[in-house]
Amino acid sequence: MLAKPNDFSAVMDIAPRPDTVFVSGRGSWITDQDGKRYLDFVQGWAVNCLGHCAPAVTGALILQASRLINCSPAFFNAPMGQLASLLAHHSGLDRVFLANTGAEANEGAIKLARKWGQKYRGGASVIVTMEQGFHGRTLACMSASGKPHWANLFEPKVPGFHKVPLNDLAAVDRAITDATVAVMLEPIQGEAGVYPASDEFLRGLRDLTRARGLLLIFDEVQTGVGRTGKMFAAQHADVLPDIMTLGKGLGGGVPIAAMLARGVVSCFDHGDQGGTFNGNPLMAAVGCAVMEEVSKPGFLNEVVRLGQLLGDELSGLAVRHNLGEVRGRGLLLALELPRRNGSEIVERARAAGLLLNAPRPDSLRFMPALNVSKDEIWEMIRILDHLL
Ligand SMILES: *Cc1c(COP(=O)(O)O)cnc(C)c1O
12 MLAKPNDFSA
22 VMDIAPRPDT
32 VFVSGRGSWI
42 TDQDGKRYLD
52 FVQGWAVNCL
62 GHCAPAVTGA
72 LILQASRLIN
82 CSPAFFNAPM
92 GQLASLLAHH
102 SGLDRVFLAN
112 TGAEANEGAI
122 KLARKWGQKY
132 RGGASVIVTM
142 EQGFHGRTLA
152 CMSASGKPHW
162 ANLFEPKVPG
172 FHKVPLNDLA
182 AVDRAITDAT
192 VAVMLEPIQG
202 EAGVYPASDE
212 FLRGLRDLTR
222 ARGLLLIFDE
232 VQTGVGRTGK
242 MFAAQHADVL
252 PDIMTLGKGL
262 GGGVPIAAML
272 ARGVVSCFDH
282 GDQGGTFNGN
292 PLMAAVGCAV
302 MEEVSKPGFL
312 NEVVRLGQLL
322 GDELSGLAVR
332 HNLGEVRGRG
342 LLLALELPRR
352 NGSEIVERAR
362 AAGLLLNAPR
372 PDSLRFMPAL
382 NVSKDEIWEM
392 IRILDHLL
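In our numbering, the protein residues as written are 12 to 399.
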């Protein structure tokens, strides 16, 4: 037999992975092949917004898989239209391009902004982005990102991005030239360690970009679809961007993403944009199921309450163990670790049956299922308290 069980030698080595092999999951719990259960506060990096194998997700997959899986992006299919309508309705934006990953959605946003610049701004193409920002791993998205570690990786970079510090409106203002077409940022910088853009900054950016005739692009790949207690994080600041991208939670675990735009900005000509799997009915049907769950009456209020509880409990831990601040909104929170021992805590937590994420050595990030229970939050705090 060619394939031996538990042989991962042919898997390309791109990350330090522990020996653990996961086989099943349900809600906030995931089980490895030895039968050990873990409380999961990573959820595939904020992807399984309804928990592991949520009935809404598996139900939509099974039903749609038995009807139609793919009919090519050159034709309409029913879930494609339904998901686009749901996203337009909840966002206040007009047109939706469905993609497969957050990076792909952001590529689409960058391309749309450049196209718009070519049509309406005399060829302006430069996008102002934020230091420490994260927009994905394609070449253009890496170039748009402000991750210090990436500064000299995979040279040459895609030109056309100018970085400024987060929450510094004057710096954005100074960075704008005739060549500028847009400002792009995450409402909360997730990978950087959960650093929120202030509501005033987002509102200031909306006024500034409107006054200067520029597009405002929000990357809500991590913050969208209920993660922060509103359907989209920018709604806390009551700001509507010109372009918004979604990913992660939109599929409840399956790969689907989206790029949304105002009607007047949606200026692609036929043939400019596309992709083999884009808008396929199987993933779009799951996106619809997730959107329906998250927009049920009371769902987001519960996310706010659970986020409050998690935040309060983390603040309690911080006091008891001399840790730093708690940052974030809703169920996207980080706890600062002054001793910069994030990866050590993550490893010890895993041994103790708890999955956590440290995007940086100095912070732990918490992104449980949006329907995590209070008991599960208390259980996580109990394990972490013991570890610390
Ligand atoms: C995860 C993430 C991306 C990239 O999404 P992929 O699906 O990994 O391509 C982009 N932007 C933000 C803010 C993210 O958190």
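Each residue gets a CB set at the ideal place from its N, CA and C atoms; glycine is no exception.
It should be emphasised that the depicted structure is a prediction, and the values quoted were computed from it without experimental measurement.
Should the segment 350-361 be called in touch with the segment 265-276, which here means at least 3 C-beta pairs below 8 Å?
Counting Cβ pairs under 8 Å, fewer than three are found: no touch.
Phe310 to Ile25 span [Cα, whole Å]
Within the sequence shown, numbered from 1, the residue matching residue 310 stands at position 299. Within the sequence shown, numbered from 1, the residue matching residue 25 stands at position 14. The C-alpha of Ile25 is placed about 37 Å away from the C-alpha of Phe310.
DSSP three-state assignment for Lys158, whether helix, strand or coil
The residue labelled residue 158 in the question sits at position 147 within the sequence shown. Three-state DSSP puts Lys158 in coil, outside helix and strand.
Across the segment 289-298 and the segment 70-81, are there enough close Cβ pairs to call them in contact, namely three or more that are closer than 8 Å?
Look at the beta carbons and you see the segment 289-298 touching the segment 70-81: at least three pairs across the two are nearer than 8 Å.
Are the CB atoms of Val314 and Leu343 nearer to each other than 8 Å?
Position 303 of the sequence shown, counted from the start, is the residue given in the question as residue 314. Position 332 of the sequence shown, counted from the start, is the residue given in the question as residue 343. Annotated as distal: Val314 and Leu343, with beta-carbon spacing of 8 Å or more.
So is the beta-carbon of Arg376 under 7 Å away from any non-hydrogen atom of ligand 1?
Here residue 376 refers to the residue found at position 365 when the sequence shown is read from its first residue. Not one heavy atom of ligand 1 falls within 7 Å of the beta-carbon of Arg376.
Identity of the residue in Ala114, Asn382 and Ser136 nearest Ala124 by Cα:
Residue numbering aside, residue 124 sits at position 113 when the sequence shown is read from its first letter. If we check each option's Cα against that of Ala124, Ser136 comes out closest.
Answer yes or no: do Leu196 and Asp230 have a C-beta to C-beta separation smaller than 8 Å?
As a working mapping, residue 196 is identified with position 185 in the sequence shown. As a working mapping, residue 230 is identified with position 219 in the sequence shown. Yes, the Cβ-Cβ distance between Leu196 and Asp230 is below 8 Å.
For Trp389, count neighbouring Cβ atoms within 10 angstroms of its own Cβ and tell me buried if that reaches 16, exposed if not.
For the purposes of this step, residue 389 is identified with residue 378 of the sequence shown, where counting begins at 1. Classification of Trp389: exposed, given that the 10 Å Cβ count is below 16.
Check whether the segment 208-225 touches the segment 147-155, taking contact to mean three or more Cβ pairs, one atom from each stretch, closer than 8 Å.
Segments in contact, no.
Euclidean distance between Cα positions of His100 and Val301
Position 89 of the sequence shown, counting from 1, holds the residue named residue 100. Position 290 of the sequence shown, counting from 1, holds the residue named residue 301. Taking the straight line joining both Cα atoms gives about 15 Å.
Could you tell me the distance, in whole angstroms, from the CA atom of Glu358 to the CA atom of Thr42?
Sequence index remark: in the sequence shown, residue 358 carries index 347 (1-based). Sequence index remark: in the sequence shown, residue 42 carries index 31 (1-based). Rounded to whole angstroms, the separation of the alpha carbons of Thr42 and Glu358 is 16 Å.
Inspect the beta-carbon positions of Gln44 and Val34 and report whether they are closer than 8 Å.
Counting from one through the sequence shown, the residue named residue 44 turns up at place 33. Counting from one through the sequence shown, the residue named residue 34 turns up at place 23. In this structure, Val34 lies closer than 8 Å to Gln44 by Cβ.
Would you kindly report the start and end of the unbroken alpha helix (DSSP H) that includes Thr220?
Against the sequence shown, residue 220 aligns to sequence position 209. Annotation for Thr220: the continuous alpha helix (DSSP H) segment containing it runs Asp210 to Arg223.
May I have the straight-line CA-CA distance separating Ile392 from Ala190, to the nearest angstrom?
The residue you call residue 392 lines up with position 381 of the sequence shown. The residue you call residue 190 lines up with position 179 of the sequence shown. Straight across, the Cα-Cα distance linking Ile392 with Ala190 is about 49 Å.
Check: Gly262 C-beta below 7 Å from any heavy atom of ligand 3
Ligand 3 is not among the ligands present in this structure, which contains only ligand 1.
Ser384 CB to nearest chain B CB: under 8 Å?
The displayed structure is made up of one protein chain only, and chain B is not part of it.
Which word fits Lys307, buried or exposed, when buried means at least 16 other C-beta atoms lie within 10 angstroms of its C-beta?
Sequence index remark: in the sequence shown, residue 307 carries index 296 (1-based). By the neighbour-count definition (other C-beta atoms within 10 Å, threshold 16), Lys307 is an exposed residue.
Could you tell me which residues DSSP puts in a beta bridge with Leu367?
Counting from 1 along the sequence shown, the entry for residue 367 is found at position 356. None, per the DSSP bridge assignment.
Can Thr239 be considered in contact with ligand 1, in the sense that its beta carbon sits closer than 7 Å to one or more heavy atoms?
Residue mapping note: residue 239 aligns to position 228 of the sequence shown, counting from 1. No.
State the start and end residues of the unbroken alpha helix (DSSP H) segment that holds Ile80.
For the purposes of this step, residue 80 is taken as the residue at position 69 of the sequence shown. Where Ile80 is concerned, there is no enclosing alpha helix (DSSP H), because DSSP gives it neither an H nor an E.
Based on DSSP bridge pairs, tell me the residues matched to Phe5.
No information on residue 5 is available, as it lies outside the stretch 12 to 399 that the chain covers here.
Measuring alpha carbon to alpha carbon, tell me which of Phe288, Asn117 and Ser20 ends up nearest Phe86.
Here residue 86 is taken as the residue at index 75 of the sequence shown, counted from 1. Ranking the options by Cα distance to Phe86, first place goes to Phe288.
Return the chain-ordered list of same chain residues with a C-beta closer than 6 Å to the C-beta of Asn368, the five sequence neighbours on each side being excluded.
In the sequence shown, residue 368 corresponds to position 357, counting from 1. These residues qualify, in order along the chain: Val53 and Arg376.
CB Ala95 to CB Val107, shorter than 8 Å?
Taking the first residue of the sequence shown as position 1, residue 95 is located at position 84. Taking the first residue of the sequence shown as position 1, residue 107 is located at position 96. Ala95 places its beta carbon less than 8 Å from that of Val107.
Where His332 falls: helix, strand or coil (DSSP):
The residue labelled residue 332 in the question sits at position 321 within the sequence shown. DSSP places His332 in the coil class of the three-state scheme, outside both helix and strand.
Let me check you understand the geometry: is the CB of Arg338 closer than 7 Å to at least one non-hydrogen atom of ligand 1?
As a working note, residue 338 is residue 327 in the sequence shown. Judged by the Cβ position, Arg338 fails to qualify as a neighbour of ligand 1 at the 7 Å threshold, every heavy atom of the ligand being at least this far.
Just to check my reading of the structure: Gln233 and Lys259 have Cβ atoms closer than 8 Å, yes? What is that Cβ distance to the nearest angstrom?
Counting from 1 along the sequence shown, the entry for residue 233 is found at position 222. Counting from 1 along the sequence shown, the entry for residue 259 is found at position 248. A Cβ-Cβ distance of about 6 Å is found for the pair Gln233 and Lys259, placing them in contact under the 8 Å criterion.
CA-CA distance, Lys385 and Glu324?
On the sequence shown, position 374 is the one that residue 385 refers to. On the sequence shown, position 313 is the one that residue 324 refers to. Approximately 11 Å, taken between the alpha carbons.
Where does Thr69 sit, in a helix, a strand or coil, going by DSSP?
Translated into the one-based positions of the sequence shown, residue 69 becomes position 58. DSSP places Thr69 within a helical segment (H, G or I) once states are collapsed to three.
Per DSSP, what kind of secondary structure is Phe310 in: helix, strand or coil?
As a first step, residue 310 must be located in the sequence shown, where it is residue number 299. If DSSP states are grouped into helix, strand and coil, Phe310 belongs with the helices.
What did DSSP end up calling Ser384 once you bin it into helix, strand or coil?
The residue you call residue 384 lines up with position 373 of the sequence shown. Residue state for Ser384 is assigned as coil, using DSSP reduced to three classes.
Is it true that the CB of Val139 sits closer than 8 Å to the CB of Gly264?
Stepping through the sequence shown from its first residue, residue 264 is reached at position 253. Stepping through the sequence shown from its first residue, residue 139 is reached at position 128. No, the Cβ-Cβ distance between Gly264 and Val139 is not below 8 Å.
Helix, strand or coil at Ala269 according to DSSP, with G and I counted as helix
Taking the first residue of the sequence shown as 1, we reach residue 269 at position 258. Ala269 falls in the strand class under three-state DSSP.
With respect to the beta strand (DSSP E) encompassing Val183, which residues constitute its N-terminal and C-terminal limits?
Counting from 1 along the sequence shown, the entry for residue 183 is found at position 172. It is not in any beta strand (DSSP E) - Val183 instead sits in the alpha helix (DSSP H) that spans Leu180 to Ala186.
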